[in-house]
Amino acid sequence: MLQQTLQRTTGLNARAPVVVCNEEHRFIVAEQARQGNIDLDRIMLEPFGRNTAPAIALVAMQQRARGEDPLLLVLPSDHLIADEERFVTLIRQGAEVAAEGQLVTFGIVPTSPETGFGYIDAGESLGADKYAFHVSRFVEKPDQTTAEKFLAAGNFYWNSGMFIFRASVYLEELQNARPDIYEACENAAQAIEADAYFDRVPADVFQACPDESIDYAVMEKTDKAVVVPFDAGWNDLGSWSALWEVEDKDSDENVCIGDVITSSSSNSYIRGESRMVAAIGIDNMVVVETKDAVLVAHKDCVQDVKKIVQEIKASNRSEHHTHAKVYRPWGDYESIDEGHRFQVKRITVKPGEKLSLQMHYHRAEHWIVVKGTAIVERNGEEELLTENQSTYIPIGVTHRLTNPGKMPLELVEVQSGAYVGEDDIVRFEDTYGRA
1 MLQQTLQRTT
11 GLNARAPVVV
21 CNEEHRFIVA
31 EQARQGNIDL
41 DRIMLEPFGR
51 NTAPAIALVA
61 MQQRARGEDP
71 LLLVLPSDHL
81 IADEERFVTL
91 IRQGAEVAAE
101 GQLVTFGIVP
111 TSPETGFGYI
121 DAGESLGADK
131 YAFHVSRFVE
141 KPDQTTAEKF
151 LAAGNFYWNS
161 GMFIFRASVY
171 LEELQNARPD
181 IYEACENAAQ
191 AIEADAYFDR
201 VPADVFQACP
211 DESIDYAVME
221 KTDKAVVVPF
231 DAGWNDLGSW
241 SALWEVEDKD
251 SDENVCIGDV
261 ITSSSSNSYI
271 RGESRMVAAI
281 GIDNMVVVET
291 KDAVLVAHKD
301 CVQDVKKIVQ
311 EIKASNRSEH
321 HTHAKVYRPW
331 GDYESIDEGH
341 RFQVKRITVK
351 PGEKLSLQMH
361 YHRAEHWIVV
371 KGTAIVERNG
381 EEELLTENQS
391 TYIPIGVTHR
401 LTNPGKMPLE
411 LVEVQSGAYV
421 GEDDIVRFED
431 TYGRA
């Protein structure tokens, strides 16, 4: 969905996108852009989330520092848009209004009395040629009766979270409505640390910024808020049940992805990513198997996954932030097995890429090449390895792994020692600025 969101902007003749994400997601975002053959302007890294109002402000201030004042199109990364041509048309309509100094939000034309979305009450039209309306008010998620009234009224729209406005206009309205957020973001923007790949927002400065959405911080307070009705086949894929609605289904109304076998089961979303999943006699369920965890939930309760995450955090577990497969700028690694004093990983290095020059205090490593060609550097000496060859890296030895070939390098790494955590690493040189 991130790739689709980025590619969606290419029809607008827009500049290369800026992605704002968490520090831990930086290599996933970079890899998704690479796989989609999408050039990014920058990847801005937040040390922790502070919601949409600060995130947008940081990008707007970044543009201002460049001496520019562009229109900013704000798009969440988890939306499905069925009609791409209509999307482009509506965004351009919104851009015309935004260019005149308005803060434009796109309101989804409702198709049912949904209680899971906030609503926008559209007021007076800006004119027959503007395709936009003044926002009378923003409404919190309603109950069923109220949602039915909104649908019947015809002037209420679902709040999509998509916006377009001039950077300077947004900053001016943010400063007027929430000077505390503006000041905190200004301090953070001035302290951003940039390298060849990322813009890092410093944690010690950004922690002073309030956590607030653009809706609460700006849109509900400004007199420049307008809404453009949006009818391009939108779906907010914010839950597993939403995915069930949009995916192709079998004769029993099941969505089955991966190696799935069903019997006497219906109306369910069943996904297997690393092994076979068998479902017997279930109805209206969500079953998701990944290498990290397995989720089993009733479709009506999938929003409560947040409660499970809270319980995981309270129990000091790691599943909410540690994944079996971890992306790095040079490729990825995947944990295969782990036990007392050992860990086994599958490592993939992209063609022409190299890991940092590093050493470990507490673990030794054994590398076995299973595909491709590797150059292994140990204490300044290089060795060429091909398939079925291996090497040993003792504790304290400075080493580096490089893929000199034209195809991905795949190897199995066996770590052994008193401590095999990822933080047992000392980097001396690094192509990606991590040393």
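Residue numbers for the sequence shown, in UniProt numbering: 1 to 435. Glycine included, every Cβ here is placed at the ideal spot set by N, Cα and C.
Which residue's Cα is closest to the Cα of residue i: the options?
i, options, result
"Val286", "Ser266, Arg275, Asp292, Val20", "Ser266"
"Ala99", "Asp424, Leu72, Glu124, Val288", "Leu72"
"Asp252", "Ala242, Trp240, Tyr269, Phe198", "Tyr269"
"Ala242", "Val227, Thr222, Gly116, Ile282", "Gly116"
"Trp158", "Gly372, Pro229, Gly123, Ile164", "Pro229"
"Ile91", "Asp78, Ile375, Phe106", "Phe106"
"Leu384", "Arg8, Pro394, Arg400, Gln310", "Arg400"
"Val221", "Asp250, Gly339, Pro179, Cys209", "Inspection of the sequence shows that residue 221 is occupied by Lys rather than by Val. Cα-wise, what sits closest to Lys221 is Pro179."
"Val370", "Leu80, Thr348, Ser263, Tyr361", "Thr348"
"Arg328", "Ser356, Val344, Ala314", "Ser356"
"Tyr432", "Ala65, Thr145, Trp330, Glu23", "Trp330"
"Gln389", "Ala324, Met219, Gly396, Ala374", "Ala374"
"Ala60", "Pro408, Lys354, Glu186, Asp300", "Glu186"
"Gly127", "Glu148, Glu114, Ala57, Gln93", "Gln93"
"Met87", "Glu387, Gln207, Leu12, Arg64", "According to the sequence displayed, residue 87 carries Phe and not Met. Closest option to Phe87, Cα to Cα, is Leu12."
"Gln63", "Ile393, Gln4, Val246, Ser168", "Ser168"
"Asp121", "Pro110, His321, Phe138, Tyr131", "Phe138"
"Gly258", "Arg275, Asn22, Trp234", "Arg275"
"Val294", "Ile282, Val277, Asp283, Tyr197", "Val277"
"Pro351", "Gln303, Val397, Pro404", "Pro404"
"Ala324", "Ile312, Trp367, Ser315, Asp337", "Asp337"
"Leu174", "Val135, Ala314, Ala225", "Ala225"
"Val109", "Ser160, Ser136, Tyr182", "Ser160"
"Ala82", "Thr5, Arg34, Glu212", "Thr5"
"His134", "Val97, Glu247, Glu245, Lys307", "Val97"
Going by DSSP, what residues sit across from residue i in a beta bridge?
i, result
"Gln415", "Gln343, Glu365"
"Asn22", "Glu46"
"Lys354", "Thr402"
"Lys371", "Glu410"
"Lys325", "Glu334"
"Met359", "Val426"
"Asp300", "DSSP output for Asp300 lists no bridge partner at all."
"Phe198", "Ile43"
"Glu173", "According to DSSP, which records beta bridges pairwise, Glu173 is partnered with nothing at all."
"Thr431", "Per DSSP, none; premise fails for Thr431."
"Val294", "Glu289"
"Thr348", "Asp332, Glu410"
"Glu193", "Arg200"
"Val376", "Glu383, Leu401"
Within the present structure, is the beta-carbon of residue i separated from the nearest heavy atom of the ligand ATP by less than 7 Å?
i, result
"Ser213", "For the structure depicted, the ligand ATP is absent and the ligand set is empty, with no information on it obtainable."
In the DSSP assignment, the beta strand (DSSP E) including residue i goes from what residue to what residue?
i, result
"Asp287", "In the sequence as presented, Asp is not what sits at residue 287; that position holds Val. Looking at the DSSP string, the run of the beta strand (DSSP E) that includes Val287 is 285-289."
"Pro179", "It is not in any beta strand (DSSP E) - Pro179 instead sits in the alpha helix (DSSP H) that spans 179-190."
"Leu12", "No beta strand (DSSP E) contains Leu12, which DSSP labels as neither H nor E."
"residue 438", "Because residue 438 is not part of the residues shown, which for the chain are 1 to 435, the question remains open."
"Thr391", "390-393"
Count the other CB atoms, across all protein chains shown, that sit within 10 Å of the CB of residue i; report buried if there are 16 or more and exposed otherwise.
i, result
"Phe27", "buried"
"Ser112", "exposed"
"Arg363", "buried"
"Phe342", "exposed"
"residue 437", "In this structure the chain extends from 1 to 435, so residue 437 is not present and cannot be described."
"Gln310", "exposed"
"Ser125", "exposed"
"Asp143", "exposed"
"Ile425", "exposed"
"Glu429", "exposed"
"residue 519", "Summary: the structure shown does not reach residue 519, with the chain confined to residues 1 through 435, and so no result is reported for it."
"Gln32", "buried"
"Ile43", "buried"
"Lys141", "exposed"
"Ala55", "buried"
"Tyr361", "exposed"
"Lys354", "buried"
"Lys345", "buried"
"Glu46", "buried"
At what residues does the alpha helix (DSSP H) containing residue i begin and finish?
i, result
"Ile120", "No alpha helix (DSSP H) holds Ile120; the beta strand (DSSP E) holding it covers 119-125."
"Leu385", "Looking at the DSSP string, Leu385 is not in any alpha helix (DSSP H); the run it does join, the beta strand (DSSP E), is 381-385."
"Val139", "Careful: Val139 lies outside any alpha helix (DSSP H), inside the beta strand (DSSP E) at 133-139."
"Ile312", "305-314"
"Gln144", "144-153"
"Asp204", "203-206"
Shorter than 8 Å from the beta carbon of residue i to some beta carbon of chain C?
i, result
"Arg92", "No chain C is present in this structure, which holds just one protein chain."
Check: Hey, which unbroken runs of the beta strand (DSSP E) at 3 residues or more fall wholly within the stretch 35-111?
Finding: 42-46, 71-74, 79-81, 103-108
Notebook entry, point to check: Which parts of the stretch 215-291 are runs of the beta strand (DSSP E), unbroken and 3 residues or longer, counting only runs that do not cross its ends?
Noted result: 225-230, 234-236, 255-257, 260-263, 269-272, 277-280, 285-289
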